[in-house]
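Student: Chains as they are written, first to last, in my numbering: chain U, 1 to 249; chain G, 1 to 249.
Input: one structure, supplied below.
Protein chains: 2
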Amino acid sequence: MALSMSDRNLVEPVIRRLNALRRLSVEARSSLESAILEGLQSAGSGEDVISEGDPVDSIRIVLSGWLCRYKTLEDGRRQIVNFLFPGESCDAYAFLLSTIDHSIATLTPAVYSDIKRARFESLIAADSTLAEAFWCETLVNIAIQREWAVNLGRRVALERVAHLFCEIVERLRPVGMINGKSCIMPITQMDLADATGLSVVHLNRTLQEMRASGLIVLRDRVLTINDLDALKNTALYSPNYLQLYRRGS
Amino acid sequence: MALSMSDRNLVEPVIRRLNALRRLSVEARSSLESAILEGLQSAGSGEDVISEGDPVDSIRIVLSGWLCRYKTLEDGRRQIVNFLFPGESCDAYAFLLSTIDHSIATLTPAVYSDIKRARFESLIAADSTLAEAFWCETLVNIAIQREWAVNLGRRVALERVAHLFCEIVERLRPVGMINGKSCIMPITQMDLADATGLSVVHLNRTLQEMRASGLIVLRDRVLTINDLDALKNTALYSPNYLQLYRRGS
DNA sequence: CGGTAAGTTGACTCCCGTCAACGGTTGTGG
DNA sequence: CCACAACCGTTGACGGGAGTCAACTTACCG
Numbered sequence: 001m002a003l004s005m006s007d008r009n010l011v012e013p014v015i016r017r018l019n020a021l022r023r024l025s026v027e028a029r030s031s032l033e034s035a036i037l038e039g040l041q042s043a044g045s046g047e048d049v050i051s052e053g054d055p056v057d058s059i060r061i062v063l064s065g066w067l068c069r070y071k072t073l074e075d076g077r078r079q080i081v082n083f084l085f086p087g088e089s090c091d092a093y094a095f096l097l098s099t100i101d102h103s104i105a106t107l108t109p110a111v112y113s114d115i116k117r118a119r120f121e122s123l124i125a126a127d128s129t130l131a132e133a134f135w136c137e138t139l140v141n142i143a144i145q146r147e148w149a150v151n152l153g154r155r156v157a158l159e160r161v162a163h164l165f166c167e168i169v170e171r172l173r174p175v176g177m178i179n180g181k182s183c184i185m186p187i188t189q190m191d192l193a194d195a196t197g198l199s200v201v202h203l204n205r206t207l208q209e210m211r212a213s214g215l216i217v218l219r220d221r222v223l224t225i226n227d228l229d230a231l232k233n234t235a236l237y238s239p240n241y242l243q244l245y246r247r248g249s
Numbered sequence: 001m002a003l004s005m006s007d008r009n010l011v012e013p014v015i016r017r018l019n020a021l022r023r024l025s026v027e028a029r030s031s032l033e034s035a036i037l038e039g040l041q042s043a044g045s046g047e048d049v050i051s052e053g054d055p056v057d058s059i060r061i062v063l064s065g066w067l068c069r070y071k072t073l074e075d076g077r078r079q080i081v082n083f084l085f086p087g088e089s090c091d092a093y094a095f096l097l098s099t100i101d102h103s104i105a106t107l108t109p110a111v112y113s114d115i116k117r118a119r120f121e122s123l124i125a126a127d128s129t130l131a132e133a134f135w136c137e138t139l140v141n142i143a144i145q146r147e148w149a150v151n152l153g154r155r156v157a158l159e160r161v162a163h164l165f166c167e168i169v170e171r172l173r174p175v176g177m178i179n180g181k182s183c184i185m186p187i188t189q190m191d192l193a194d195a196t197g198l199s200v201v202h203l204n205r206t207l208q209e210m211r212a213s214g215l216i217v218l219r220d221r222v223l224t225i226n227d228l229d230a231l232k233n234t235a236l237y238s239p240n241y242l243q244l245y246r247r248g249s
């Protein structure tokens, strides 16, 4: 696959994200960039990137598009347990276990990099800071996962959807995907329902309610939040779990 | 603190658990045992071991008793996001981030070991297999966390409680805390409610229903499951996420 | 013996799921 | 160019699962 300038632009948020977790050396950054560009993949919308039970032998890094981790019950009920946004990596180190316990799918057309285990291991062996940065990302992911449990277990529908929107905004911001008070919301209401543990019908009604009260504007796949503090208040949102700041190395 | 034979017996499940994730050398096992015995702590029931926002500078390993990870909303709603059973470790490597996003509390009187960061780092630096074993535990924890999201988001009350019981049994079994078809259930219905995202009243009614249909026997803090397969069926339980088997090293 | 925590039950309410129908948009093929 | 299907969003009607409030019992403990 030929490299283009736009590919390079896609890689930049990945580096920036990891660099925010652990300051990376110039060499680490460039070797990471090379590895990412080598494994470039693209996928259409609604495709499984990896399925529950598959053996894990590579890691993936999202460059553009939205993906999700999800699990399904025997009878078809689906729960999205997390989103994967541009700049985020999936399952670094997951190959330490034998198989994967959940599936990952694209929710939009997406570009990502698939880095084989051996390649990844040599990458992190050469630079312990890089290894730590990936581990930090994993740890932040557990924290997000915990907050999702709180969201699903203890918030009512309105709070739940509000909280999800707050989190999405805060996760998209550092990768430059927020324009002023708006961002693109490229997924369906069914996806949002599966992420919040609601039925599609009730999710739709909750969105209506949020529109009516002026909490959000959502039209033509664009989400606008005029008063983010108000949204955070109704969500009982507390940002500390996202660890959006750097720890002293 | 003087060492006793019973302390040694408590450490054994920890070693066994980690050894199941990665085969440990004799030296690794004994150095781990020493580190654990050095940091021995005990706590009464209902005590916070670490609170949300605290800086993290040590890891903890549970030797006896039940603990939980939980988060609370401003208005007091509590969600237990995971349990910590004997043999399990909390937050190995969590010090890579700055502060902890949730609290950990004892649900029963407990004995655990508190190993300082420096001690832990020298331990794993000396043996990479040990380091990997701890990472595997962390990865299994994420998988459990994901399954909890599914449980809270997509199962109804009866399925939810049934699933929790299945998981508890499968996690207690490898550390020898299942006697035949029974185990001790040392926590209150409020704890179970907070773990399943239900109100205490509704959890109580769900337990009644499970008792009436013969799915469980729960009396005097003893849980008996006569037909585990039946329980798993009503829970839509799929065990793969617990990774209870060893991967080829 | 009083006080507190845990478990249980009834009554009532309402949030949310289910079922169903309808409109708008997109894309596709005849 | 139009018919048709498929997908998505929306709305109404209805029912039931789960929350809330409150009272009562039992056990335990100082």
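Glycine is no exception: its CB is placed at the ideal position from the N, C-alpha and C atoms.
Predicted model, so just to flag it, every value in this text is computed and none were measured.
(1) Excluding sequence positions up to five away, which residues of its chain have a Cβ less than 8 Å from the Cβ of F95/U?
(2) Report the three-state DSSP secondary structure of M1/U (helix, strand or coil).
(3) Would you list, in sequence order, the uninterrupted alpha helix (DSSP H) runs of no fewer than 4 residues that lie entirely inside the segment 134 to 218 of chain G?
(4) Using 8 Å as the Cβ pair cut-off and three pairs as the minimum, do the segment 101 to 116 of chain U and the segment 38 to 55 of chain U touch?
(5) Would you kindly work out how many angstroms separate the C-alpha atoms of P239/G and Q189/U, rounded to a whole number?
(6) So what does DSSP say about I50/G, is it helix, strand or coil?
(7) What's the C-alpha gap between D91/G and E74/U?
(8) So what does L67/U bridge to, in DSSP terms?
(9) Nearest chain U C-beta to G76/G closer than 8 Å, yes or no?
(10) So, does the CB of L139/G fall closer than 8 Å to a CB anywhere in chain U?
(11) Would you list the residues sitting across from A43/U in a DSSP beta bridge?
(12) Going along chain G, which residues have a C-beta under 7 Å from H102/U?
(13) Identify the contact partners of Y112/G in chain U, using a Cβ-Cβ distance below 8 Å as the criterion.
(14) Assign L223/U to one of three DSSP states: helix, strand, or coil.
(15) Kindly give me the distance between the Cβ atoms of I50/U and V14/U, rounded to whole angstroms, as I take these residues to be in contact under 8 Å.
(16) With a threshold of 8 Å between beta carbons, is E167/U in contact with chain G?
(17) Sort out for me which residues DSSP pairs K116/U with in a bridge.
(18) By the DSSP assignment, the alpha helix (DSSP H) with E38/U in it spans what residues?
(19) Output, in chain order, the set of chain U residues within a Cβ distance shorter than 9 Å of Q243/G.
(20) Less than 8 Å between the beta carbons of V111/G and L63/G, yes or no?
(21) How is R250/U classed by DSSP in three states: helix, strand or coil?
(22) So, for L123/G: in the same chain, excluding its five sequence neighbours on each side, which residues have a beta-carbon less than 7 Å away from its beta-carbon?
(23) Which two residues bound the contiguous alpha helix (DSSP H) that contains L231/U?
(24) Closest to T99/U by C-alpha separation, out of D127/G, I178/G, A143/G, would be which residue?
(25) Consult DSSP for S89/G and reduce its assignment to one of helix, strand or coil.
(26) What does W135/G reach in chain U if we use C-beta pairs closer than 7 Å?
(27) Considering only their Cβ atoms, is the gap separating R205/G from R154/U smaller than 8 Å?
(28) What's the gap between the Cα of L218/G and the Cα of R211/G?
(29) Can a CB atom of chain G be found closer than 8 Å to the CB of G153/U?
(30) Can you find a CB in chain U that lies within less than 8 Å of the CB of N240/G?
Tutor: To lay it out plainly:
(1) Taking the first sequence and counting its residues from 1, the one referred to as residue 95/U is at position 95. When the five nearest sequence neighbours on each side are left out, the beta carbons in the same chain lying within less than 8 Å of the beta carbon of F95/U are those of V56, D57, S58, I59, R117, in order along the chain.
(2) Working through the first sequence from its first residue, we reach residue 1/U at position 1. Note that M1/U scores a pLDDT of 49, beneath 50, so its modelled location is shaky; the value from the coordinates is reported in the next line. In the structure shown, M1/U sits in coil (DSSP, three-state: anything other than H, G, I, E or B).
(3) Secondary structure within the segment 134 to 218 of chain G: the alpha helix (DSSP H) runs of 4 or more consecutive residues, fully enclosed, are 157 to 172, 189 to 196, 200 to 212 (chain order).
(4) With a cut-off of 8 Å, the segment 38 to 55 of chain U and the segment 101 to 116 of chain U count as touching, because enough Cβ pairs lie within range.
(5) Residue mapping note: residue 239/G aligns to position 239 of the second sequence, counting from 1. Residue mapping note: residue 189/U aligns to position 189 of the first sequence, counting from 1. Answer to the nearest angstrom: the Cα atoms are 30 Å apart.
(6) Taking the first residue of the second sequence as position 1, residue 50/G is located at position 50. It is a strand residue.
(7) As a first step, residue 91/G is located in the second sequence; it is residue number 91 there, counting from the start. As a first step, residue 74/U is located in the first sequence; it is residue number 74 there, counting from the start. In a straight line, the C-alpha of D91/G is about 32 Å away from that of E74/U.
(8) Indexing the first sequence from 1 puts residue 67/U at position 67. In the DSSP output, where bridge partners are listed per residue, L67/U has L84/U, T106/U.
(9) As a working mapping, residue 76/G is identified with position 76 in the second sequence. Among the CB atoms of chain U, none fall inside 8 Å of the CB of G76/G.
(10) Sequence index remark: in the second sequence, residue 139/G carries index 139 (1-based). Residue-level contact by beta carbon holds for L139/G and chain U, with a gap shorter than 8 Å.
(11) By one-based count along the first sequence, residue 43/U stands at place 43. For A43/U, which the question treats as bridged, DSSP gives the partners A110/U.
(12) For the purposes of this step, residue 102/U is identified with residue 102 of the first sequence, where counting begins at 1. Residues of chain G passing the Cβ test: R146.
(13) Sequence index remark: in the second sequence, residue 112/G carries index 112 (1-based). Within chain U, no residue comes near Y112/G; the closest Cβ sits about 20 Å away, beyond 8 Å.
(14) By one-based count along the first sequence, residue 223/U stands at place 223. Of the three classes helix, strand and coil, the one that applies to L223/U here is strand, per DSSP.
(15) For the purposes of this step, residue 50/U is identified with residue 50 of the first sequence, where counting begins at 1. For the purposes of this step, residue 14/U is identified with residue 14 of the first sequence, where counting begins at 1. Contact between I50/U and V14/U does not hold, since the beta-carbon distance rounds to 19 Å and is not under 8 Å.
(16) For this step, residue 167/U is matched to residue 167 along the first sequence. No, its Cβ sits nowhere closer than 8 Å to a Cβ of chain G.
(17) Start at 1 with the first residue of the first sequence, and residue 116/U comes out as number 116. According to DSSP, which records beta bridges pairwise, K116/U is partnered with S58/U.
(18) Here residue 38/U corresponds to residue number 38 of the first sequence, with the count starting at 1. From DSSP, the alpha helix (DSSP H) with E38/U extends over 26 to 38.
(19) Along the second sequence, read from residue 1 onward, the residue named residue 243/G stands at position 243. Q243/G reaches chain U at L97, S98, T99, D101, counting residues in chain order whose Cβ is nearer than 9 Å.
(20) Here residue 111/G is taken as the residue at index 111 of the second sequence, counted from 1. Here residue 63/G is taken as the residue at index 63 of the second sequence, counted from 1. Yes.
(21) What the structure shows of chain U is the stretch from 1 to 249, and residue 250/U is not part of that stretch, so it cannot be assessed.
(22) Taking the second sequence and counting its residues from 1, one reaches residue 123/G at position 123. Excluding sequence neighbours, L123/G sits near S31, L32, A35, L130.
(23) Residue mapping note: residue 231/U aligns to position 231 of the first sequence, counting from 1. Under the DSSP assignment, L231/U falls in the alpha helix (DSSP H) whose first and last residues are 228 to 235.
(24) Residue mapping note: residue 99/U aligns to position 99 of the first sequence, counting from 1. From the listed residues D127/G, I178/G, A143/G, the smallest Cα separation to T99/U is found for A143/G.
(25) Stepping through the second sequence from its first residue, residue 89/G is reached at position 89. In the three-state DSSP reduction, S89/G falls in the strand class (E or B).
(26) Stepping through the second sequence from its first residue, residue 135/G is reached at position 135. Here the neighbours are Y93, L96.
(27) By 1-based counting over the first sequence, the position of residue 154/U is 154. By 1-based counting over the second sequence, the position of residue 205/G is 205. No, Cβ-Cβ distance for R154/U and R205/G is not below 8 Å.
(28) Position 218 of the second sequence, counted from the first residue, corresponds to residue 218/G. Position 211 of the second sequence, counted from the first residue, corresponds to residue 211/G. About 7 Å.
(29) For the purposes of this step, residue 153/U is taken as residue 153 along the first sequence, with counting starting at 1. So, interface residue.
(30) Your numbering for residue 240/G matches position 240 in the second sequence. It does: the Cβ of N240/G has a partner Cβ on chain U nearer than 8 Å.
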